[in-house]
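Asks: Quick note: the sequence shown uses the numbering used here, first residue 17, plus one each step. Shown below is the structure under consideration.
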Amino acid sequence: MVVIKDVVQPRKEVVEGKFQGVVQSHKIDATEPRLENNPEEFFRVTYPSSALKRALERVAEKLAGISNQGAVLLVGPYGSGKTHGVISLYHAFRCPDIAKGWLRKWDISIQIPSDTRCAVFSSRRYDVDLLWEPIFTLLGRQD
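Listed below in structure tokens is the structure:
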């Protein structure tokens with residue numbers, strides 16, 4: 017009989033009881049140390065699910081002009097990884113040099129532009145009528 021301890025080596029933070037079990041998109045810019053605002057650590061603990069791979073590929077195709085799809089939607093029930101996917105996309109395109117090593121490690125061959133600007137906004141923090149208002153504000157564009 018195979019038991020999980022024979023197959024999986026728990027990470028140090030799990031053993032020490034310091035595991036951050038929930039990621040929150042509105043804490044990407046938090047001032048305290050969090051997994052969400054540390055791209056190196058975030059990618060170190062992120063396994064690229066098939067859904068995350070597809071999302072990365074779709075966004076990369078859109079930015080490269082290969083696809084004219086207008087949006088990439090991350091859908092699923094509570095706990096399915098939507099927020100983790102959003103934060104992964106954010107860090108991949110905000111920190112392409114860090115993301116390239118992670119992509120190479122997992123054999124994901126997409127081109128990430130080095131000149132993208134990213135913004136994540138949470139409906140917990142922003143209550144707006146027009147979707148583009150917080151996006152333009154976070155990107156420093158008031159016009």
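Each residue gets a CB set at the ideal place from its N, CA and C atoms; glycine is no exception.
Could you give the first and the last residue of the continuous alpha helix (DSSP H) run that contains H42?
Replies: Along the sequence shown, read from residue 1 onward, the residue named residue 42 stands at position 26. Going by DSSP, H42 is part of no alpha helix (DSSP H) at all; its letter is neither H nor E.
Asks: Could you compute how far the alpha carbon of V39 sits from the alpha carbon of H100?
Replies: Looking up residue 39 in the sequence shown gives position 23. Looking up residue 100 in the sequence shown gives position 84. So the two alpha carbons sit approximately 7 angstroms from each other.
Asks: Taking the continuous alpha helix (DSSP H) assigned at V102, which residues delimit it?
Replies: As a working mapping, residue 102 is identified with position 86 in the sequence shown. Start and end: 98-110.
Asks: Counting Cβ pairs closer than 8 angstroms, one from the region 65-81 and one from the region 140-150, do we hit at least three?
Replies: no
Asks: By the three-class DSSP mapping on this structure, what secondary structure does R70 have?
Replies: Taking the first residue of the sequence shown as position 1, residue 70 is located at position 54. R70: helix per DSSP, three-state reduction.
Asks: Where does E48 sit, in a helix, a strand or coil, going by DSSP?
Replies: Mapped onto the sequence shown, residue 48 falls at position 32. In the structure shown, E48 sits in coil (DSSP, three-state: anything other than H, G, I, E or B).
Asks: Quick one: residues in its chain with C-beta nearer than 7 angstroms to the C-beta of K69, no 5 flanking neighbours on either side, listed in chain order?
Replies: As a first step, residue 69 must be located in the sequence shown, where it is residue number 53. Within the same chain, I124 come within 7 angstroms of K69 by CB-CB distance, once the 5 residues on both sides are set aside.
Asks: Closer than 7 angstroms by C-beta to S65: which residues in its own chain qualify, once you throw out the five before and the five after it? Chain order, please.
Replies: Position 49 of the sequence shown, counting from 1, holds the residue named residue 65. Non-local C-beta neighbours of S65 in its own chain, meaning closer than 7 angstroms and more than five positions away in sequence, comprise G97, ordered along the chain.
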